[in-house]
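Asks: Shown below is the structure under consideration.
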Amino acid sequence: MLLDFTVANYCCYAEEVTLDLTRRSLKTLTPRGGSSWREQTWRVAAIFGANASGKSTLLDALDCLHHAIGGQRDILHQPFSLDRNHAVQPSRFTVGFTHEDERYSYSVEAHRWGISREELWAAGQRWRKVFVRTQGPEDDKPTIEAGATLKGATTEVGRITTPKDLFLAVALRYEHAALAPIARSLRAMRFIHHSDEERSSRLRWGMSRLAESPEQWTGIANSIAQAADLGIVGLELEEQEVPQEMLELLRRLPWSEDEEAEVPAEVLKELQRHLVLHHRGADGKDYRLASSQQSQGTLTWLATVGPAMDALRLGQVLCIDELDASLHPTLTATLVDMFKDPDLNTRGAQIVFTTHDTALLDNSPVQLLEAGEVWMTEKSPFGASELFSLADFSSNRKGTNKQRRYLAGAFGAIPRVDTSSLRRYLSTPAGAK
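Okay, so the sequence shown: first residue is 964 according to this note's numbering, each after it adds one.
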């Protein structure tokens, strides 16, 4: 479960900003009085703001840390570039999360040359050190200070950790007894970016689930398709032979040094799978249509709700950039409500997303988002992004029309549009200088 995420000196974020998913009623390090983490955290974090205000970059920063824990190097130091001072400073990240119902805080400082500091703390009555890693630019190996209760091959993992590696990433790779399970919990996140390539990848992911576990996923897939009123009554996976011409082209690719090597079996399997959707015609009969014959909105729904269902089933964090891309506002609201519905979300899954869909702020007929679930990004006059919560506004009373006030500029985070230069250009006769 994600509790909070803090980033500083990363791309457009010059100074420290924090996305906080804990409720303000949580006054202690851990829930008290029989309360649970699920009750003390938000299931939803919706991030609004003008174009180029930093919405996507906030998710990119979390995704970047996610990949670094997975073992990628040289990706964390991306300093704010609009002044010289920040260029030589570290990019900083801190993420609060839970593992087996225990609270943890993990932080990293990354320079161009590598990782200068990395810490993991656990919360009880007070914060308890799990490990602290420090390193200078001239050091070959990090210094690891292990907490008193840390069990596992800590010294051995420290020995093979380079300046470019996260210690936690190496611990995950080599299955450190205590740290690997914690790292896996921290990486229990899924990121969705709305590009054609990403959407195709998610559809292939769904098809592989259908192929590998048809008993489990066929019912889920049909429910997803039918829920959105897209005219789909069912779907199925069909396998077709790969055309000979395509096989010839594939064989020319460098799969291995052996010129006679065959195309890998998993690649062939993926190419053979085709998604077929059943539509009900005016005559009452079912018609089979390929995915290539579907609208962008239909494909986006199928490619987004599949991972959402998986996140709900596993209690994971789903991060979506531009949730409303190609989706009707009703479908966007439906997807968000799935995470807020305790009957559907029984494992504490969370959704963090960016959007321009201000209809989500409306309170008619019912209020979907509470103030603590709404975040906004805005650029300062110096080009640095800022992040703030709607709950910070004292004028935000229950029942207030948040959509109308946001569009009226009451909270900021909207574009300042000036068309005067466009008007001058369009009023100039063609060919005139």
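Here a beta-carbon is modelled for each residue, glycine too, at the ideal position from N, C-alpha and C.
As the structure is a computational prediction, the values presented were derived from the model and not from experiment.
Just tell me which of I1187, G1194 and V1239 has its CA closest to the CA of E1202.
Replies: Per the Cα distances, V1239.
Asks: Which runs of the alpha helix (DSSP H) fall wholly inside the segment 1006 to 1032 and span at least 4 residues, in chain order?
Replies: Within the segment 1006 to 1032, the complete alpha helix (DSSP H) runs of at least 4 residues are 1018 to 1032.
Asks: Taking the alpha-carbon positions, what's the R1089 to L989 distance?
Replies: Cα to Cα, R1089 sits roughly 15 Å from L989.
Asks: Which same chain residues end up closer than 6 Å to G1269 when comparing Cβ atoms and leaving out the 5 residues on each side of it in sequence?
Replies: Counting only Cβ-Cβ distances below 6 Å, and skipping sequence neighbours, we find G1169.
Asks: Measure from the alpha carbon of E1081 to the alpha carbon of each residue in R1001, G1087, F1056 and A1312, then state which is nearest.
Replies: Closest by alpha carbon: F1056.
Asks: Among T1267, A1086 and I1123, which has the Cα closest to the Cα of D1103?
Replies: Among T1267, A1086 and I1123, the Cα nearest to that of D1103 belongs to I1123.
Asks: Of the residues L1113, G1077, G1115 and L1083, which one's Cα is nearest the Cα of Q1098?
Replies: That would be G1077, whose Cα lies nearest to the Cα of Q1098.
Asks: For Q1431, which residues from the same chain have a beta carbon less than 8 Å from its beta carbon, with the 5 sequence-adjacent residues on both sides left out?
Replies: In the structure as shown, the chain begins at 964 and stops at 1396. Residue 1431 is therefore absent and cannot be evaluated.
Asks: How would you label L1370, buried or exposed, when you count the other beta carbons within 10 angstroms and need 16 or more for buried?
Replies: Low local confidence applies: a pLDDT of 47 at L1370 is under 50, so the model's placement there is unreliable, and no value is given.
Asks: Suppose contacts are defined by Cβ-Cβ distances below 7 Å. Is F1094 in contact with C1282 by that definition?
Replies: Contact: no.
Asks: Write down the C-beta distance between H1030 and S1148 rounded to the nearest angstrom, noting that I regard them as a contact closer than 8 Å.
Replies: The Cβ separation is near 16 Å, so there is no contact.
Asks: With distances taken between CB atoms, is the gap from V1007 to V1299 smaller than 7 Å?
Replies: Against a cut-off of 7 Å, the Cβ pair of V1299 and V1007 comes out as a contact.
Asks: Pair every Cβ in the segment 1283 to 1302 with every Cβ in the segment 1323 to 1339, then say whether three or more of these pairs are closer than 8 Å.
Replies: Result yes; three or more Cβ-Cβ pairs closer than 8 Å.
Asks: The beta strand (DSSP E) spanning P1124 covers which residue range?
Replies: The amino acid occupying residue 1124 in the given sequence is Thr; Pro does not appear at that position. Per DSSP, T1124 belongs to no beta strand (DSSP E) and is neither H nor E.
Asks: Rounded to whole angstroms, how far is the Cβ of G1115 from the Cβ of H1139, which I believe are closer than 8 Å?
Replies: 4 Å between Cβ atoms; contact.
Asks: Buried or exposed: which applies to R1001, given that a residue is buried once 16 or more other Cβ atoms fall within 10 Å of its Cβ?
Replies: So R1001 counts as buried.
Asks: Contact check, L1166 vs S1254 under 8 Å by CB: the rounded distance?
Replies: Sure, about 7 Å apart at Cβ, within 8 Å.
Asks: Since L1294 and W1264 are thought to touch, with beta carbons under 8 Å apart, how far apart are those beta carbons, to the nearest angstrom?
Replies: Indeed, because the Cβ distance is near 6 Å, the residues count as touching under 8 Å.
Asks: Take the Cβ of Q1313 as the centre, count every other Cβ of all protein chains shown within 10 Å, and call the residue buried at 16 or more, exposed below.
Replies: Classification for Q1313: buried.
Asks: Take Y1250 and list the residues in its own chain whose beta-carbon comes closer than 6 Å to its own, dropping the five residues that flank it on each side.
Replies: Cβ neighbours of Y1250 beyond the five flanking positions: H1242 and G1244.
Asks: Who are the near neighbours of A1347 in its chain, counting only those whose CB is closer than 6 Å to its CB and skipping five residues on each side?
Replies: Around A1347: A977.
Asks: Does Y1250 have its Cβ less than 7 Å from a Cβ in chain C?
Replies: The structure shown has no chain C; it contains just one protein chain.
Asks: Indicate the three-state DSSP secondary structure (helix, strand or coil) for T1297 in the structure shown.
Replies: T1297 falls in the helix class under three-state DSSP.
Asks: Measuring alpha carbon to alpha carbon, tell me which residue in A1013, R1136 and C1027 is nearest T969.
Replies: Ranking the options by Cα distance to T969, first place goes to C1027.
Asks: How is K1303 classed by DSSP in three states: helix, strand or coil?
Replies: In the structure shown, K1303 sits in a helix (DSSP, three-state: H, G or I).
Asks: Tell me whether S1163 is buried or exposed, calling it buried when 16 or more other Cβ atoms sit within 10 Å of its Cβ.
Replies: When all chains shown are included, S1163 counts as exposed.
Asks: If I follow the unbroken beta strand (DSSP E) through L1131, where does it start and stop?
Replies: Looking at the DSSP string, L1131 is not in any beta strand (DSSP E); the run it does join, the alpha helix (DSSP H), is F1130 to R1136.
Asks: In whole angstroms, what is the alpha-carbon distance linking S1068 and A1085?
Replies: So the alpha carbons of these two residues sit roughly 7 Å apart.
Asks: Can you give me the Cβ contacts of S1070 inside the same chain, cut-off strictly under 6 Å, excluding the 5 residues immediately before and after it?
Replies: The answer, listed in chain order, is T1057 and E1082.
Asks: Where does L1045 land, buried or exposed, given buried means 16+ other C-beta within 10 angstroms?
Replies: Label assigned to L1045: exposed.
Asks: Taking only runs that begin and end inside the segment 1051 to 1098, name each unbroken beta strand (DSSP E) of 3 or more residues, in chain order.
Replies: Fully enclosed beta strand (DSSP E) runs of 3 or longer: 1054 to 1062, 1065 to 1073, 1078 to 1086 and 1090 to 1097.
Asks: Which term fits R1047, buried or exposed, when burial requires 16 or more other beta carbons within 10 angstroms of its beta carbon?
Replies: Counting Cβ neighbours within 10 Å, R1047 comes out exposed, since fewer than 16 surround it.
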